[in-house]
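Visitor: If you're matching them up, the sequences are chains Z and P in order.
Numbering-wise, our numbering comes out as the position in the first sequence, counting from 1, plus 2.
Residue 90 in our numbering sits at position 95 of the second sequence; the count goes up by one each step and never skips.
Using N, Cα and C, we set each Cβ at its ideal position, and we do this for glycine too.
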Amino acid sequence: MRSLFDLIIKHSYVILFVVLETLSLVLLFGFNDPQKKAFMTSASGVSGSVLEVSSAISGFFAYGKENSELAAENARLQAELFMLRDSIADSRLPSTDNSILTARVIDNSIRKDDNYITLNRGTMDGIRQGMGVYDSKGVVGVIMLAAKHYSIVLPVINGKSSISCKIKGDNSFGFLEWSGGDASVAELRDLPYYATINVGDTVVTSGYSDIFPEGIDVGVVSNVQQLTSGYTLKVNVQLAADLSNLGWVYINTAQTDVELKELLNQIKQ
Amino acid sequence: MGAISIFRKIGQIILLVALQVLIFNKINLFGYVTPLLYIWVTVKIENSYSRSAILLFSFFTGLAIDMFTGTPGVNAAAITLLAFLQPYILKLFVLYDRRELMIPGADTMKRGPFIGYVSLCAIVHHLFYFILKSIPVADWSMLMSKVVFSAALTVLLIVVIEISFVKNSNKKGRR
């Protein structure tokens, strides 16, 4: 009996190894609860605040460029505002309630298979899972996980991302997906083979779900290829948003139309 | 292992986690080669530490990196496995009668064996790391090239840092 105890004590590191390894694997495969996962990732308070400082330092050097871009966008929005004022004066358009939040990107990866972006806003600021994220140039991704003060975005350049898009002016729609490689090019899938798509066409969000409003820039068609196997086209899209260089982003917090939701529920029943 | 040695190790771990998260994780040569320099914690550990201590130091280093990179468990699992195997790997490259207090390094075990030791450590760690990261594995050849090239970069960085440090400490010794 004594020698058995001796043996166990002598090899206690093996038990420790098994315990630690199991713990790691539970962390890896066991987290299906988003709340717990948020605690373990860059959305948690501690690492979130460190990343925020790091991004503030690197962001300082980019302020000049960002400022000029913001000024340009300001000018564009001014023009749009005047145009819209005119059109409201002309007709009685119903006012849309598109509330938009801004957030700062504090962590970003673009060259992995599974890219994620961390934002410095969370549920306290009104961010919920499934909200659309875009910047002044185009669509960035969708909120995947929202913790109290931080949230994680599933960007368009993540293999799990799928966003409903359409060709501007043509209305044939497909899903924007990404299969690794170049971070500035994604694919538009499930477009019918008879759709007339040319290189240079603009791709915008379809607005079929409430994640994005209709008509936000996604990118420009850079290559069209007919798949031999199926009846669909494979379309490469040069993304409008520069995902390697994100500073501030907008988050679309507009809620689904209650009436539309009821309608969809009725169909499901 | 005295208290000073433990504090120095903890300081080293904090520095390595910061370097890994803020610098090395951003390096992505050819889109997939990332050096995982934080295995320094386990590779350069004094052989006076108990095996449980090696396991615990390594596990918490991996866990800290996981918290910053949004990959719960991956780094922790990989480096814990390395910590378990580290004493066996070291034995392969060090003569049996050299049991005195030492930190594996180019000065204590000669350059050749040290490079062999670091390479084997890096390959064990990177293999497990990339397999865990890409489960279910679809493309084995891609996976293996990730392992080989990332490990090569990690080894290169560790050896370069090691050799430049060893030279410095020798100069100090002569004075």
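Hey, could you find the ends of the alpha helix (DSSP H) N70 of chain P is sitting in?
Guide: DSSP places N70 of chain P in the uninterrupted alpha helix (DSSP H) bounded by V69 to F88.
Visitor: What number of angstroms, rounded off, separates the C-alpha of S56 of chain Z from the C-alpha of S111 of chain Z?
Guide: 14 Å
Visitor: Would you be able to state if there are at least three C-beta pairs under 8 Å between the stretch 122 to 130 of chain Z and the stretch 135 to 154 of chain P?
Guide: no
Visitor: Once you ignore the five residues that flank F278 of chain Z on each side, which residues in its own chain have a CB closer than 8 Å to its CB?
Guide: In the structure as shown, chain Z starts at 3 and stops at 271, and residue 278 of chain Z therefore has no counterpart that could be examined.
Visitor: With a cut-off of 8 Å, does the C-beta of P67 of chain P fall near any C-beta of chain Z?
Guide: yes
Visitor: May I have the straight-line CA-CA distance separating V28 of chain P from N267 of chain Z, to the nearest angstrom?
Guide: Between V28 of chain P and N267 of chain Z, the C-alpha separation is close to 47 Å.
Visitor: Residues of chain P with CB under 8 Å from G183 of chain Z, in chain order?
Guide: G26
Visitor: Any C-beta of chain Z sitting closer than 8 Å to the C-beta of A133 of chain P?
Guide: It does not: the Cβ of A133 of chain P has no partner Cβ on chain Z nearer than 8 Å.
Visitor: Taking DSSP as the reference, what is the three-state secondary structure of M85 of chain Z?
Guide: helix
Visitor: In chain P, which residues lie less than 7 Å from E23 of chain Z when you measure between Cβ atoms?
Guide: A72, T75 and L76
Visitor: Helix or strand or just coil, what does DSSP make of K236 of chain Z?
Guide: Note: K236 of chain Z maps to strand in three-state DSSP.
Visitor: Determine the burial state of F52 of chain P: buried for a count of at least 16 other Cβ atoms within 10 Å of its Cβ, exposed for fewer.
Guide: buried
Visitor: By Cβ distance, which residues of its chain are closer than 7 Å to E216 of chain Z, with the 5 residues on each side in sequence left out?
Guide: Excluding residues within five positions, the ones whose Cβ falls inside 7 Å are T207, S208 and G209.
Visitor: Pull up the distance between the alpha-carbon of G128 of chain Z and that of F160 of chain P, whole angstroms please.
Guide: C-alpha separation (whole angstroms): 51 Å.
Visitor: Could you check the C-alpha separation between I199 of chain Z and V226 of chain Z for me, to the nearest Å?
Guide: 7 Å
Visitor: Can you give the Cα-Cα distance for G6 of chain P and L77 of chain P, rounded to whole angstroms?
Guide: 21 Å
Visitor: Between the C-alpha atoms of A146 of chain P and H120 of chain P, what's the straight-line distance to the nearest angstrom?
Guide: 9 Å
Visitor: Determine the direct distance from the alpha carbon of G221 of chain Z to that of G132 of chain Z, and round the result to whole angstroms.
Guide: Spanning the two alpha carbons is a distance of roughly 21 Å.
Visitor: Is the CB of S43 of chain P under 8 Å away from at least one CB in chain Z?
Guide: No, no contact with chain Z.
Visitor: Rounded to whole angstroms, what is the Cα-Cα separation between G182 of chain Z and I169 of chain Z?
Guide: In this structure, the alpha-carbon of G182 of chain Z lies about 23 Å from that of I169 of chain Z.
Visitor: Report the residue from P:I(-1), P:T64 and P:V113 whose alpha carbon sits nearest the alpha carbon of A13 of chain P.
Guide: When only C-alpha atoms are compared, the closest one is P:T64.
Visitor: Taking the alpha carbon of F54 of chain P as the reference point, which residue from P:S45, P:N42 and P:G68 has its own alpha carbon closest?
Guide: P:G68
Visitor: Enumerate in chain order the residues of its own chain whose CB-to-CB distance from S129 of chain P is below 7 Å, with the five nearest sequence positions on each side excluded.
Guide: L138
Visitor: To be precise: take each residue of the stretch 112 to 130 of chain P, compare its Cβ to all Cβ atoms of chain Z, and keep it if any distance is under 9 Å. Which residues remain?
Guide: L127, K128, S129 and I130
Visitor: Please state whether the Cβ-Cβ distance between A243 of chain Z and D116 of chain Z is less than 8 Å.
Guide: no
Visitor: Assuming contact is defined by CB atoms lying nearer than 8 Å, are F19 of chain Z and T75 of chain P in contact in what I supplied?
Guide: yes
Visitor: Which residues in chain Z sit within 8 Å of S47 of chain P, going by Cβ to Cβ distance?
Guide: When 8 Å is used as the limit between beta carbons, S47 of chain P is near these residues of chain Z: S14, Y15 and L18, in chain order.
Visitor: Report the start-end ranges of each alpha helix (DSSP H) in the stretch 12 to 54 of chain P that is 4 residues or longer and not cut off at the edges.
Guide: Secondary structure within the stretch 12 to 54 of chain P: the alpha helix (DSSP H) runs of 4 or more consecutive residues, fully enclosed, are 35 to 38 (chain order).
Visitor: In chain order, what residues of the same chain have a beta carbon less than 7 Å from the beta carbon of L122 of chain P, not counting five sequence neighbours either side?
Guide: V142
Visitor: Using the rule of at least 16 other Cβ atoms within 10 Å of the residue's Cβ for burial, across every protein chain shown, is M85 of chain Z buried or exposed?
Guide: exposed
Visitor: So which of P:F25, P:K21, P:I1 and P:W35 has the shortest CA-CA distance to V154 of chain P?
Guide: Selected option, being the one with the closest Cα: P:W35.
Visitor: So which residues on chain P does S49 of chain Z lean against when the C-beta distance must stay under 7 Å?
Guide: Correct list: M62 and F63.
Visitor: Going along chain Z, which residues have a C-beta under 9 Å from F144 of chain P?
Guide: Within 9 Å Cβ-Cβ: nothing; F144 of chain P doesn't reach chain Z, min ~14 Å.
Visitor: How many whole angstroms separate the CB atoms of P108 of chain P and V38 of chain P, which I take to be in contact at a CB cut-off of 8 Å?
Guide: About 13 Å separates the two Cβ atoms, so there is no contact after all.
Visitor: Mind listing, in chain order, the continuous beta strand (DSSP E) runs of no fewer than 3 residues lying wholly within the stretch 140 to 174 of chain Z?
Guide: Those beta strand (DSSP E) runs which fall completely within the stretch 140 to 174 of chain Z and span 3+ residues are 141 to 148, 153 to 157 and 165 to 169.
Visitor: Who are the Cβ neighbours of L85 of chain P in its own chain at under 8 Å, not counting the five residues just before and after it?
Guide: N42, P99 and Y112
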